[in-house]
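**Student:**
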Amino acid sequence: MIRTLPRQKGYSTAFTLYIILFYVFLFAPLVITCILAFNDSNFPALPWKGFSLDWFLAQGPERIGLLHDSSNIRSIWVSVQTAVWVSILSVTVGTMGAFLFEQEDFRGKQALYFLALTPLVIPGVILGISLLLTANSLGIYFEDTFGVDIPFLRPSFWLVVLGQFSFITTFVLLVVSARLKKFDPFLEEAALNLGATRLQVIRYITLPFLRPAIIGSGAVAFLMSFENFNTSLFLVGSETTLPINLYLQVRDGSTPIINAVSFLLIVSTSTLAVINLLLSRRQPTP
Amino acid sequence: MKNHFRLGLFIFITPVLLWLLLLIIVPHVELLLMSLHGKDDMGRTVWTLANYRNFFTEEIYWYTFVRTALYAVIVTILTFLVTFPVAFYITKIVSPRLSGFLTVLLLMPFWVSELVRVYGWMILLRESGVINHLLTSAGLLDAPVEMLYNDITMLMGLVYTSMLFMVVPLISSLEGMDDSLIEAAHDLGASPMTIFYRIIIPYAAPGITSGSIVVFMLALGNYLTPKLMGGKNSLWFTEQIYNEFIASFNWNQGAAFGFLLLALSSLIIWAGLKISKQQLGKALS
Chain A
1 MIRTLPRQKG YSTAFTLYII LFYVFLFAPL VITCILAFND SNFPALPWKG FSLDWFLAQG
61 PERIGLLHDS SNIRSIWVSV QTAVWVSILS VTVGTMGAFL FEQEDFRGKQ ALYFLALTPL
121 VIPGVILGIS LLLTANSLGI YFEDTFGVDI PFLRPSFWLV VLGQFSFITT FVLLVVSARL
181 KKFDPFLEEA ALNLGATRLQ VIRYITLPFL RPAIIGSGAV AFLMSFENFN TSLFLVGSET
241 TLPINLYLQV RDGSTPIINA VSFLLIVSTS TLAVINLLLS RRQPTP
Chain B
287 MKNHFRLGLF IFITPVLLWL LLLIIVPHVE LLLMSLHGKD DMGRTVWTLA NYRNFFTEEI
347 YWYTFVRTAL YAVIVTILTF LVTFPVAFYI TKIVSPRLSG FLTVLLLMPF WVSELVRVYG
407 WMILLRESGV INHLLTSAGL LDAPVEMLYN DITMLMGLVY TSMLFMVVPL ISSLEGMDDS
467 LIEAAHDLGA SPMTIFYRII IPYAAPGITS GSIVVFMLAL GNYLTPKLMG GKNSLWFTEQ
527 IYNEFIASFN WNQGAAFGFL LLALSSLIIW AGLKISKQQL GKALS
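Line by line, the protein sequences give chains A and B. The numbering used here puts the first residue of the first sequence at 1, with every later residue one more than the last. The numbering used here puts the first residue of the second sequence at 287, with every later residue one more than the last.
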């Protein structure tokens, strides 16, 4: 049954076999996507026609590699900018929220906490459309009443940032709160007794303690934003983010350039994940 | 002292209130209001229940709605069945050294965008895809078969994309379980079946609930996977919402659909929490 108990041979073999199959199932689509990025063919399919870097480097006219494909390069850049803004905003507000719910007392705290958790259980599509409707109504209102046109309220870069921020903040809030719960309040009291102001306590004691959680949740917020599809779908304007741009390409027929983008995504996110893991191994959380 | 604390409260509560009010409450109230508006014969905007009436009178709408809900439930159950043995293996069977490595390996694919994962399945399964190529060249198939664009493949894709959100809570709840509970039951003569139903499942119940809630919500709100793997007639409710917004430009109808989806998702999550007697905060963290 478990590792300390004697077990039947058939049981272990069958179990191990299942686990192997599971991992094959898990990795098959990713591995095949990566391999076909290097196939010297015009379609992302077998047979294997030899190794080629065309889908990364080719300059045309028959094949255009990723490096020379301005639409994909631009969307990668848009996604990076979006993700940077979303992580900065959500880490700031999420950390403030953690302080609010862990260290302050006020009336209606439970209700507000419940409300702060809901964004994670609202389907992303709904967040997207409700924000779109609100921004649109506001835009019409400003146009009719004051005669000013606010481009920010139409599907645009900033609307995507706000849409993603609205639920990623909850994630940051949960991670930072979990760390703040482990904080020893005596440390704060000692500092206050020694004459520190509350701001100094936060700056020199609490924030350094929270640093691993803040950096970790910031990294995950970046990735969540970078790969978000559902919420962004309704909010993108002319500056499409990478997942939306890829979706449009996949929908309209596929070329191995999508494999090339996917390869880069897979390699860079796995590297990030491994770095994150090594860092968290080095500083064990108390 | 008192003063300091009030100032702190003010500083912390302002951004949180702005976030929740402007990005969560107001937009959802607006969603509800929009769903209750429509155009009359003269083209004026009026209050109406027509958007909701359409939902019940047009068969295709509520059929898609019920179908999406049922499939999301099936996806949740399947995801649990597929990932539970894996979580059990990693936490209880494999040697501790290997278990860390397997966990990292398990999480890795989910750092990659859902779109890339779905795309990977598309190039594996489609008629000109890799699996068909391998099967035909091995002589197992005479002609390529289209394996994409049906319900089974769509379900598989949905299970694949939501596995992480089930397996992580399962692993963390099983990790906290003391092995001696199982050993004691074994020594007292309990059969593996009894151990499983009377000890392991009750212990893992919190993990199962939080995993199921998140998987259900994600499957219900998924747009990519049904659209790309389910083919022309996949009939997922999010696609109806998308069509009303982008294709028909009937935002009032789309808002009504969105509100119905939100109501369904909240209702099921609420029921799940009630049945398992859990708090939302606990289930999420």
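Every residue gets a Cβ at the ideal spot worked out from N, C-alpha and C, and that includes glycine. Small disclaimer: the values here were computed from a predicted structure and weren't measured.
1. Drop a sphere of 10 angstroms on the beta-carbon of residue 54(A), count the other beta-carbons inside from all chains shown, and report buried for 16 or more, exposed for fewer.
2. Pairs of beta-carbons, one from the region 542 to 551 of chain B and one from the region 121 to 132 of chain A, closer than 8 Å: are there three or more?
3. Assuming residue 45(A) and residue 416(B) are in contact, meaning their beta carbons sit under 8 Å apart, how far apart are those beta carbons, in whole angstroms?
4. Along chain B, which residues have their Cβ under 9 Å away from the Cβ of residue 183(A)?
5. Which residues mark the beginning and the end of the alpha helix (DSSP H) in which residue 55(A) is found?
6. With H, G and I counted as helix, E and B as strand and the rest as coil, what does DSSP make of residue 175(A)?
7. Is the beta carbon of residue 79(A) less than 8 Å from the beta carbon of residue 223(A)?
8. With distances taken Cα to Cα, identify the nearest neighbour of residue 276(A) among 231(A), 186(A) and 217(A).
9. Taking C-beta pairs closer than 7 Å, name the residues in chain B that residue 44(A) reaches, listed in chain order.
10. If you reduce the DSSP assignment to three classes, tell me which class residue 148(A) lands in.
11. Looking at C-alpha atoms only, which residue of 100(A), 154(A), 246(A) and 207(A) is the closest neighbour of residue 226(A)?
12. How many Å lie between residue 139(A) and residue 320(B) at the Cα?
13. Note down, in chain order, every chain A residue with its Cβ under 9 Å from the Cβ of residue 390(B).
14. Roughly how many angstroms separate the alpha carbons of residue 114(A) and residue 381(B), rounded to a whole number?
15. If you draw a straight line from the C-alpha of residue 284(A) to the C-alpha of residue 386(B), how long is it?
16. Beta carbons nearer than 8 Å to chain B: which residues of the region 121 to 135 of chain A have them?
17. Taking Cβ positions only, does residue 527(B) come closer than 8 Å to chain A?
18. Taking the Cβ atom as the reference point for each residue, do residue 354(B) and residue 447(B) lie within a distance shorter than 8 Å?
19. If residue 497(B) sits next to residue 455(B), beta carbons under 8 Å apart, how far is it from one beta carbon to the other, in whole angstroms?
20. When the cut-off is 8 Å and only beta carbons count, does residue 537(B) lie next to chain A?
21. Just list the alpha helix (DSSP H) runs in the region 328 to 405 of chain B, keeping only unbroken ones of 4 residues or longer that don't cross its boundaries, in chain order.
22. Would you call the region 521 to 540 of chain B and the region 342 to 361 of chain B in contact, with 3 or more CB pairs under 8 Å?
23. By the 10 Å Cβ neighbour count, where 16 or more other Cβ atoms means buried, how is residue 471(B) classified, buried or exposed?
24. Could you tell me the distance, in whole angstroms, from the CA atom of residue 25(A) to the CA atom of residue 442(B)?
25. Could you name the residues of the region 77 to 102 of chain A whose beta carbon sits closer than 8 Å to any beta carbon of chain B, in the order they occur along the chain?
26. Is residue 397(B) near residue 12(A), with beta carbons less than 8 Å apart?
27. Contact between the region 55 to 65 of chain A and the region 196 to 208 of chain A: three or more CB pairs below 8 Å?
28. Rounded C-beta distance between residue 90(A) and residue 169(A)? I'm assuming under 8 Å.
29. Does the pairing of the region 100 to 107 of chain A with the region 171 to 185 of chain A give three or more beta-carbon distances under 8 Å?
30. What residues from chain A crowd round residue 298(B), counting only those whose CB sits closer than 7 Å?
31. Go ahead and label residue 248(A) buried or exposed: buried means 16 or more other beta carbons lie within 10 angstroms of its beta carbon, across all protein chains shown.
32. Quick check on residue 32(A) - is its C-beta less than 8 Å from some C-beta in chain B?
33. Distance cutoff 8 Å, beta carbons only. Does residue 375(B) sit that close to anything in chain A?
34. Here's the rule I'm using: 16 or more other beta-carbon atoms within 10 Å means buried, otherwise exposed. How should residue 220(A) be labelled?
35. Give the DSSP-derived three-state secondary structure of residue 529(B) in the structure shown.
36. Since residue 325(B) is in the beta strand (DSSP E), which residue starts that stretch and which ends it?
**Tutor:** Looking at the atomic coordinates:
1. As a working note, residue 54(A) is residue 54 in the first sequence. By the neighbour-count rule (16 or more Cβ atoms within 10 Å), residue 54(A) is buried.
2. yes
3. Indexing the first sequence from 1 puts residue 45(A) at position 45. Indexing the second sequence from 1 puts residue 416(B) at position 130. Residue 45(A) to residue 416(B), Cβ: 7 Å. Contact.
4. Position 183 of the first sequence, counted from the start, is the residue given in the question as residue 183(A). Neighbours of residue 183(A) on chain B: none; closest Cβ ~15 Å, over 9 Å.
5. Within the first sequence, numbered from 1, the residue matching residue 55(A) stands at position 55. 54 to 57 is the span of the alpha helix (DSSP H), which, as asked, contains residue 55(A).
6. Taking the first sequence and counting its residues from 1, the one referred to as residue 175(A) is at position 175. Helix, per DSSP.
7. Sequence index remark: in the first sequence, residue 79(A) carries index 79 (1-based). Sequence index remark: in the first sequence, residue 223(A) carries index 223 (1-based). For residue 79(A) and residue 223(A), no; Cβs fall outside 8 Å.
8. For the purposes of this step, residue 276(A) is taken as the residue at position 276 of the first sequence. Answer by Cα proximity: 217(A).
9. By 1-based counting over the first sequence, the position of residue 44(A) is 44. Residues of chain B passing the Cβ test: 409.
10. As a working note, residue 148(A) is residue 148 in the first sequence. Coil at residue 148(A), not helix or strand.
11. Taking the first sequence and counting its residues from 1, the one referred to as residue 226(A) is at position 226. When only C-alpha atoms are compared, the closest one is 246(A).
12. Here residue 139(A) corresponds to residue number 139 of the first sequence, with the count starting at 1. Here residue 320(B) corresponds to residue number 34 of the second sequence, with the count starting at 1. So the two alpha carbons sit approximately 15 Å from each other.
13. As a position in the second sequence, residue 390(B) is number 104, starting the count at 1. Neighbours of residue 390(B) on chain A, chain order: 273, 274 and 277.
14. Residue mapping note: residue 114(A) aligns to position 114 of the first sequence, counting from 1. Residue mapping note: residue 381(B) aligns to position 95 of the second sequence, counting from 1. Answer to the nearest angstrom: the Cα atoms are 40 Å apart.
15. Position 284 of the first sequence, counted from the start, is the residue given in the question as residue 284(A). Position 100 of the second sequence, counted from the start, is the residue given in the question as residue 386(B). Summary for residue 284(A): the model assigns pLDDT 47, below 50, so the residue's position carries little reliability; its value from the coordinates is reported in the next sentence. Distance between the alpha carbons of residue 284(A) and residue 386(B) is about 15 Å.
16. Those residues of the region 121 to 135 of chain A that come within reach of chain B (Cβ to Cβ, closer than 8 Å) are 121, 122, 123, 124, 125, 126, 127, 129, 130, 131, 132, 133 and 134.
17. Locating residue 527(B) in the second sequence gives position 241, where the first residue counts as 1. Chain A, which has a Cβ nearer than 8 Å to the Cβ of residue 527(B), makes this yes.
18. The sequence position of residue 354(B) within the second sequence is 68, counting from 1. The sequence position of residue 447(B) within the second sequence is 161, counting from 1. Not closer than 8 Å, so no.
19. Residue numbering aside, residue 497(B) sits at position 211 when the second sequence is read from its first letter. Residue numbering aside, residue 455(B) sits at position 169 when the second sequence is read from its first letter. Their Cβ separation, rounded to whole angstroms, is 4 Å, which keeps residue 497(B) and residue 455(B) in contact under 8 Å.
20. Residue 537(B) sits at position 251 when you count from the first residue of the second sequence. It does: the Cβ of residue 537(B) has a partner Cβ on chain A nearer than 8 Å.
21. Entirely contained in the region 328 to 405 of chain B, the alpha helix (DSSP H) runs reaching 4 residues are, in chain order, 336 to 343, 345 to 374 and 382 to 393.
22. yes
23. The residue given as residue 471(B) occupies position 185 in the second sequence. Buried, since its Cβ has 16 or more Cβ neighbours within 10 Å.
24. Translated into the one-based positions of the first sequence, residue 25(A) becomes position 25. Translated into the one-based positions of the second sequence, residue 442(B) becomes position 156. Cα-Cα distance, rounded: 11 Å.
25. 92, 93, 96, 97, 99 and 100
26. The residue you call residue 397(B) lines up with position 111 of the second sequence. The residue you call residue 12(A) lines up with position 12 of the first sequence. Not in contact: residue 397(B) and residue 12(A) (Cβ atoms no closer than 8 Å).
27. Remark: fewer than three beta-carbon pairs, one from each stretch, lie closer than 8 Å, so the region 55 to 65 of chain A and the region 196 to 208 of chain A are not flagged as touching.
28. Translated into the one-based positions of the first sequence, residue 90(A) becomes position 90. Translated into the one-based positions of the first sequence, residue 169(A) becomes position 169. The pair is a contact, with the Cβ atoms about 4 Å apart (cut-off 8 Å).
29. Contact holds: three or more Cβ-Cβ distances are below 8 Å.
30. To locate residue 298(B), count along the second sequence from 1; it is residue 12. Result: 96, 99, 100 and 104.
31. Within the first sequence, numbered from 1, the residue matching residue 248(A) stands at position 248. So residue 248(A) counts as exposed.
32. In the first sequence, the residue the question calls residue 32(A) occupies position 32. Taking Cβ atoms only, chain B reaches closer than 8 Å to residue 32(A), which makes this a yes.
33. Stepping through the second sequence from its first residue, residue 375(B) is reached at position 89. Chain A contact via Cβ: present.
34. The count along the first sequence starts at 1 and reaches residue 220(A) at position 220. Residue 220(A) comes out buried.
35. Position 243 of the second sequence, counting from 1, holds the residue named residue 529(B). Residue 529(B) falls in the helix class under three-state DSSP.
36. Your numbering for residue 325(B) matches position 39 in the second sequence. Here the beta strand (DSSP E) through residue 325(B) covers 323 to 325.
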